[in-house]
Ligand SMILES: NC(=O)c1ccc[n+]([C@@H]2O[C@H](COP(=O)([O-])OP(=O)(O)OC[C@H]3O[C@@H](n4cnc5c(N)ncnc54)[C@H](O)[C@@H]3O)[C@@H](O)[C@H]2O)c1
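Numbering (our numbering), first residue to last: 9 to 725.
So this is what it looks like as structure tokens:
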């Protein structure tokens, strides 16, 4: 059995310490331990009261997620909770650190709760497609009130001890948590016979009865922040039951029913897949676990533009001092003022105090002299996307920056091996592909060059963790993982436009599928002119899928930046308005290229765009560019707005069934004559074996990687 509960007695108080390192989840050993220790305390006449706490930095971090989906052994959590709630001796939860999910639910079953200053509590089950099914939806509203409890459960975010005290979730904050909890519970045991149970606090429920405002506001919050998700609606129904049903146990029963519906819902599996996927992404199969990780005490950034500024903020926020260099004072001043504005915005929103801002912003220094980077442990280049310029900069960095320091490029798609080749330390060169805005977007693609050493890779993955990124390794290949898939996807969206669909129809269909933003809104946001200029420079004829975009650029319709693209934009607004004047352009280009425009169903739109992603993803996996299918899902969810509740494109394919995927690919290949829909060999092989997209094949069985020089993908980024 995993985990245990330690039992000791001090001054007639039983002290129960949950011991299941590192964060004390409620594994079978902990559940059994809690049950037995409470029984011991009840049976021992010399014991007056109980203190329940956790070993190390956590109280109880939650349920043991590794038990999900399998047969749960031993005593159930509900039996433990009952035992705690109806214990004959008073119990105080001494919340020494994080108390999340089942951890907070455990504390809510105790008579009293005291937390240390640094503790925080929350019910984050919604992030896994679940609801707090251990009584959390019934007890938290009774303490914090339904509005605050719903906010916590729908966002899944935690609150500090101070906030928990203000909300009535805890009774007190303590410095020396166990000692003070012993004192507290001894007093309580002496002074009162009846100790409060959260289940009996009905005041706030009765107050909320007959007024739907709180529930309607919660529905609006869920619709905005958790579009398409199943669990939030279930949570709201649970709180509705807590408000309207007098009998607490009846409410608990409702919660149990709604919980089960979440448990068997496909979204639960998809979201847990991503939870584990993000953790697995940091494991690199051929890099030994004990690989040395370099100490990163100072970072340098070249270029204070869109990306450089955001990346600098990530380091500063993580407590790593950072020095930024730009080519001239004007650019540097502009860059640093954007950074300061971002921090001021956070202060205005109450996310940072002025003192915190001073300290964090103060850890960012700037200058024009490359020599000031000499003592950095890592330098990240974020200048214009131009290979010659990057070569020049890496040559200088190699001369100036101390031996052993990592040199990284934020390139979106240039060849990392080529960049490494101009240095005398190719083993220390790596790609760190942050996404815009870098201080907000969670994705970090770590691009592994041919010569990148294990130490460099392991160190950059560790930095990713420190910066709170979802870091995923990609081999050095055109478009890496995400942009390569995006290229196939937007190309298909453009083909649909050429064949007869309109931008708003494509966007709406894909947004209804769950994407944050449809492809045409996204292209307008990024700017249609980037690809157009690159294609013009290349002197080659544009591919079919780019023809309409190029024609719009000829009409100075570059997207949001020129207030007109696939949509029209009013001054100062990013909201897309229809652009009926474009329709004659679409008709003209379709006709010139031999297409008879036709009605296209929403189903075809979604199928074709998503299948293009899946098929390219399978190729990326078969080339070993991504280590595993879940890595691709993590990339696409964290960087490209794919709905988390569908688990990413690869999980979506597995859930659909690979036979079905192949059948659909063949169908669209037939309709369009486009080889984009020729099923990837890997899909065919797996479907035949009844397998699923999972690990990349081992090195000897891999398909050859795309070549930078030959790739049409590379020419588009
Ligand atoms: N913008 C994005 O969405 C995005 C996303 C991911 C990756 N990238 C990549 O990040 C890199 C930077 O892109 P960006 O959008 O931040 O560009 P940007 O144009 O906003 O900023 C580039 C900065 O580099 C500075 N610079 C240019 N030459 C320099 C030199 N020789 N020495 C010092 N500074 C110099 C410029 O003055 C400017 O401040 C590119 O490689 C780009 O492909 C961009």
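Ideal placement from N, C-alpha and C gives every residue a C-beta, glycine not left out.
CA-to-CA distance, residue j to residue i, given in whole angstroms
{"i": "residue 696", "j": "residue 637", "result": "18 angstroms"}
{"i": "residue 140", "j": "residue 113", "result": "8 angstroms"}
{"i": "residue 495", "j": "residue 628", "result": "13 angstroms"}
{"i": "residue 514", "j": "residue 504", "result": "8 angstroms"}
{"i": "residue 614", "j": "residue 718", "result": "29 angstroms"}
{"i": "residue 360", "j": "residue 321", "result": "13 angstroms"}
{"i": "residue 376", "j": "residue 335", "result": "6 angstroms"}
{"i": "residue 167", "j": "residue 130", "result": "6 angstroms"}
{"i": "residue 430", "j": "residue 651", "result": "40 angstroms"}
{"i": "residue 725", "j": "residue 491", "result": "At residue 725 the pLDDT is 45, less than 50, meaning the model places this residue with poor confidence; the figure from the coordinates comes in the next sentence. In a straight line, the C-alpha of residue 725 is about 8 angstroms away from that of residue 491."}
{"i": "residue 601", "j": "residue 591", "result": "15 angstroms"}
{"i": "residue 135", "j": "residue 180", "result": "28 angstroms"}
{"i": "residue 427", "j": "residue 399", "result": "6 angstroms"}
{"i": "residue 707", "j": "residue 668", "result": "28 angstroms"}
{"i": "residue 47", "j": "residue 245", "result": "35 angstroms"}
{"i": "residue 19", "j": "residue 93", "result": "23 angstroms"}
{"i": "residue 394", "j": "residue 292", "result": "30 angstroms"}
{"i": "residue 446", "j": "residue 110", "result": "33 angstroms"}
{"i": "residue 268", "j": "residue 133", "result": "13 angstroms"}
{"i": "residue 618", "j": "residue 564", "result": "30 angstroms"}
{"i": "residue 15", "j": "residue 45", "result": "7 angstroms"}
{"i": "residue 34", "j": "residue 439", "result": "39 angstroms"}
{"i": "residue 664", "j": "residue 714", "result": "28 angstroms"}
{"i": "residue 10", "j": "residue 81", "result": "11 angstroms"}
{"i": "residue 63", "j": "residue 200", "result": "29 angstroms"}
{"i": "residue 526", "j": "residue 497", "result": "11 angstroms"}
{"i": "residue 625", "j": "residue 599", "result": "32 angstroms"}
{"i": "residue 37", "j": "residue 143", "result": "21 angstroms"}
{"i": "residue 678", "j": "residue 687", "result": "12 angstroms"}
{"i": "residue 606", "j": "residue 543", "result": "28 angstroms"}
{"i": "residue 531", "j": "residue 474", "result": "32 angstroms"}
Under 8 angstroms between C-beta atoms of residue i and residue j
{"i": "residue 69", "j": "residue 100", "result": "no"}
{"i": "residue 574", "j": "residue 528", "result": "yes"}
{"i": "residue 98", "j": "residue 196", "result": "yes"}
{"i": "residue 154", "j": "residue 59", "result": "no"}
{"i": "residue 249", "j": "residue 262", "result": "yes"}
{"i": "residue 508", "j": "residue 597", "result": "no"}
{"i": "residue 192", "j": "residue 120", "result": "yes"}
{"i": "residue 455", "j": "residue 488", "result": "yes"}
{"i": "residue 26", "j": "residue 17", "result": "no"}
{"i": "residue 347", "j": "residue 372", "result": "yes"}
{"i": "residue 435", "j": "residue 302", "result": "no"}
{"i": "residue 149", "j": "residue 247", "result": "yes"}
{"i": "residue 478", "j": "residue 452", "result": "yes"}
{"i": "residue 280", "j": "residue 307", "result": "no"}
{"i": "residue 243", "j": "residue 173", "result": "no"}
{"i": "residue 83", "j": "residue 40", "result": "yes"}
{"i": "residue 421", "j": "residue 437", "result": "no"}
DSSP beta-bridge partners of residue i
{"i": "residue 408", "result": "Paired residue(s): none; residue 408 is not in a bridge."}
{"i": "residue 87", "result": "None; residue 87 has no bridge partner."}
{"i": "residue 186", "result": "According to DSSP, which records beta bridges pairwise, residue 186 is partnered with nothing at all."}
{"i": "residue 414", "result": "386"}
{"i": "residue 124", "result": "182"}
{"i": "residue 454", "result": "440, 481"}
{"i": "residue 103", "result": "123"}
{"i": "residue 281", "result": "Note: residue 281 sits in no beta bridge, so no partner."}
{"i": "residue 166", "result": "In DSSP, residue 166 forms no bridge with anything."}
Cβ separation of residue i and residue j, assumed to be a contact under 8 angstroms, to the nearest whole Å
{"i": "residue 467", "j": "residue 408", "result": "With a Cβ gap of about 20 angstroms, residue 467 and residue 408 do not count as contacting."}
{"i": "residue 389", "j": "residue 417", "result": "5 angstroms"}
{"i": "residue 649", "j": "residue 523", "result": "5 angstroms"}
{"i": "residue 506", "j": "residue 353", "result": "Their Cβ separation, rounded to whole angstroms, is 41 angstroms, which puts residue 506 and residue 353 out of contact at 8 angstroms."}
{"i": "residue 386", "j": "residue 325", "result": "Actually they do not touch by this definition, with Cβ atoms about 16 angstroms apart."}
Below-8 angstroms beta-carbon distance, residue i vs any chain C residue
{"i": "residue 416", "result": "The structure shown contains no chain C; it is built from a single protein chain."}
Check your understanding: Mind pulling the beta strand (DSSP E) runs of 3 or more residues that sit fully within the segment 423-450?
Key -> 437-442
Check your understanding: Going along the chain, which unbroken runs of the alpha helix (DSSP H) with 4 or more residues stay wholly within the segment 213-278?
Key -> 221-233, 239-252, 256-271
Check your understanding: At what residue ranges does the segment 644-714 contain a whole run of the alpha helix (DSSP H), taking only runs of 4 or more?
Key -> 657-664, 666-680, 689-697
Exercise for review: Give, in chain order, every unbroken run of the alpha helix (DSSP H) that is at least 4 residues long and sits entirely within the segment 478-539.
Suggested key: 490-507, 511-521, 527-534
Review point. For the segment 338-395, which segments carrying the beta strand (DSSP E) assignment without a break, of at least 3 residues, lie completely within its bounds, in sequence order?
Key: 372-375, 386-389
Review point. Which whole runs of the alpha helix (DSSP H) in the segment 35-101 are 4 residues long or more, in chain order?
Key: 36-51, 85-93
**Study point:** Runs of alpha helix (DSSP H) wholly within the segment 588-645 (minimum 4 residues, chain order)
**Key:** 591-600, 610-630
Point to revise | 4-residue-minimum alpha helix (DSSP H) runs that sit fully inside the segment 284-336, ordered along the chain | key: 314-325
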